[in-house]
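What follows is one structure encoded as structure tokens, with my remarks underneath.
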Amino acid sequence: MARLSNDFSWSVSRAALFRECERAYYYNYYGSWGGWEAEAPERTRLLYLLKNLKTLPMWAGSIVHETIGEALQRLARTGQAMSVEELQARARTRLRSGWLEAVSGEWRTRPKKTNLQELYYGNGRSLPREITDSTKERVNTCLAAFAESAVRREIEATPYLQWKPIDTLDTFSIDDLKVWCAIDFAYTDADGAVRVIDWKTGAEDRESLTTQLACYALYAAEKWFASLDRLRLCGVFLGDQARVSDYPVQPEMLVNTKDLILTSAEAMRARLDDVAANQASEERFPFCENERVCRRCNFRQACPYVNAATAAP
Ligand code: SF4
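Adding 263 to a residue's 1-based position in the sequence shown gives its number in the numbering used here.
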């Protein structure tokens with residue numbers, strides 16, 4: 264089988280990590296590369312394992328996304344909607360099996376299995392009851408909000424032929440730069456406008472959501488030939504009773520986002536040893552030296568900036 268090559272690309276999450284800590288960015292996109300192979304050096308395997316850690320809020324968010332994705336797929340296949348009880352029961356199964364994967368340590372041999380940051384850097388077996396309860400509560404609240412939302416009713420009333428592919432990771436290009444994005448859900452509404460939805464389980468951050476939705480607009484224009492004046496972008500805040508926050512598409516939003524992407528990609532490339540080969544050296548990526556960021560960083564076990572002996576599980 265052909266070996267995977269580590270090609271340079273851009274995404275909203277990649278840019279956010281680069282802004283937060285360049286060393287963590289190096290570990291995530293370069294130091295851990297190939298760490299899935301049994302014969303990889305021990306440090307590369309460790310960085311790959313740490314890269315795959317999930318915090319509880321991230322885990323809860325991914326379970327909500329997967330469960331909604333599953334409900335929409337079933338609706339597309341059979342025309343049957345899932346009740347709130349069924350949505351929550353399916354999420355409970357995911358929570359249970361993910362928790363078992365995390366405490367059993369399956370991730371030691373299969374790093375893609377659920378590995379929770381709070382457990383990994385904790386005692387590996389348990390977390391305070393109020394923390395696990397609030398994670399379950401967050402998942403249940405978000406799914407109940409989805410089930411009762413006007414957005415869901417509108418989706419159900421839209422013929423499947425007007426849906427776009429659900430939650431598929433794909434790329435578009437800006438001046439030869441590959442940009443990754445995964446639109447949660449999109450469809451052509453009754454007025455002929457393309458409606459793009461991003462499910463959110465956390466709080467609204469208008470700046471980062473503007474960039475994310477502008478990327479979706481650029482993607483929709485390139486892949487679906489959507490006309491920008493017929494595009495409606497919104498975030499649906501499931502933790503806030505499925506509140507819909509609209510982001511009107513304006514030319515300056517797209518121009519600013521393209522600029523931001525190209526400037527950010529240039530700053531990332533400036534750290535590389537060899538831009539054409541996308542090769543990097545650890546020491547060229549500085550530590551953020553910000554205790555608040557380090558405290559919730561996946562890589563603290565491997566990072567010389569923090570005390571490895573106390574951070575190791
Ligand atoms: S522990 Fe701190 S300095 Fe080290 S990679 Fe993480 S955020 Fe950066």
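Yeah, the Cβ is synthetic: ideal placement off N, Cα and C, and Gly gets one too.
Quick check: is any heavy atom of ligand 1 less than 8 Å from the C-beta of Ala279?
The residue given as residue 279 occupies position 16 in the sequence shown. No, the Cβ of Ala279 stays beyond 8 Å of every heavy atom of ligand 1.
State yes or no: is the C-beta of Ala466 within less than 9 Å of the C-beta of Phe500?
Within the sequence shown, residue 466 is the residue found at index 203, counting from 1. Within the sequence shown, residue 500 is the residue found at index 237, counting from 1. Their beta carbons are under 9 Å apart, which means Ala466 touches Phe500 by this criterion.
Check whether the Cβ of Glu552 sits closer than 8 Å to any heavy atom of ligand 1, and report yes or no.
Reading the sequence shown from its first residue, position 289 is the one you call residue 552. Checking every heavy atom of ligand 1 against the Cβ of Glu552, one is found closer than 8 Å.
Measuring only from the beta carbon, is Ala287 closer than 8 Å to any heavy atom that is part of ligand 1?
Here residue 287 refers to the residue found at position 24 of the sequence shown. For ligand 1, at least one heavy atom lies less than 8 Å from the Cβ of Ala287.
Quick check on Tyr383: does DSSP put it in helix, strand or coil?
Position 120 of the sequence shown holds residue 383. Looking at Tyr383 - three-state DSSP - the assignment turns out to be helix.
Does DSSP put Gly498 in a helix, a strand or coil?
Residue numbering aside, residue 498 sits at position 235 when the sequence shown is read from its first letter. Gly498: strand per DSSP, three-state reduction.
Along the chain, where does the alpha helix (DSSP H) that runs through Trp443 open and close?
Numbered from 1 along the sequence shown, position 180 holds the residue referred to as residue 443. Segment 440–445 is the beta strand (DSSP E) holding Trp443; no alpha helix (DSSP H) there.
Kindly indicate the opening and closing residues of the alpha helix (DSSP H) around Lys376.
On the sequence shown, residue 376 is found 113 positions in, with the first residue counted as 1. Where Lys376 is concerned, there is no enclosing alpha helix (DSSP H), given that its DSSP letter is neither H nor E.
Between Cys594 and ligand 1, is there a pair consisting of the residue's CB and a ligand heavy atom that are separated by less than 8 Å?
Residue 594 is absent from the model: the chain starts at 264 and stops at 576.
Just verifying my parser: in three-state terms, what is the DSSP assignment at Ala449?
The sequence position of residue 449 within the sequence shown is 186, counting from 1. In this structure, Ala449 counts as strand in the three-state DSSP scheme.
For Asp461, which three-state DSSP category applies?
On the sequence shown, position 198 is the one that residue 461 refers to. It is a strand residue.
Going by CA-CA distance only, name the one from Leu335, Leu312, Ala354, Asn315 that's closest to Arg323.
Taking the first residue of the sequence shown as position 1, residue 323 is located at position 60. Rather than Arg, the amino acid found at residue 323 in this sequence is Ala. Considering only alpha carbons, the answer is Ala354.
Can you tell me which of Leu406, Ala339, Ala301, Trp273 puts its alpha carbon nearest to the alpha carbon of Tyr288?
Indexing the sequence shown from 1 puts residue 288 at position 25. Cα-wise, what sits closest to Tyr288 is Trp273.
Go ahead and pull the three-state DSSP assignment for Glu362.
Indexing the sequence shown from 1 puts residue 362 at position 99. Correcting the residue identity first, residue 362 is Trp in this sequence and not Glu. Correct three-state label for Trp362: helix.
So, using beta-carbon positions, are Gly498 and Leu472 closer together than 9 Å?
Stepping through the sequence shown from its first residue, residue 498 is reached at position 235. Stepping through the sequence shown from its first residue, residue 472 is reached at position 209. Yes, they are a contact pair.
Please say whether Leu481 and Ile429 have beta carbons closer to each other than 9 Å?
Position 166 of the sequence shown, counted from the first residue, corresponds to residue 429. Position 218 of the sequence shown, counted from the first residue, corresponds to residue 481. It is not a contact, given that the beta carbons lie outside the stated cut-off.
CB-CB under 8 Å to Leu316, same chain, minus the five flanking residues each way: which ones, in chain order?
Your numbering for residue 316 matches position 53 in the sequence shown. Closer than 8 Å at Cβ, skipping near neighbours: Asn378, Leu379, Gln380, Tyr383, Asn561.
Smallest Cα separation from Asn541: which of Cys551, Glu529, Glu552?
Taking the sequence shown and counting its residues from 1, one reaches residue 541 at position 278. It is Glu529.
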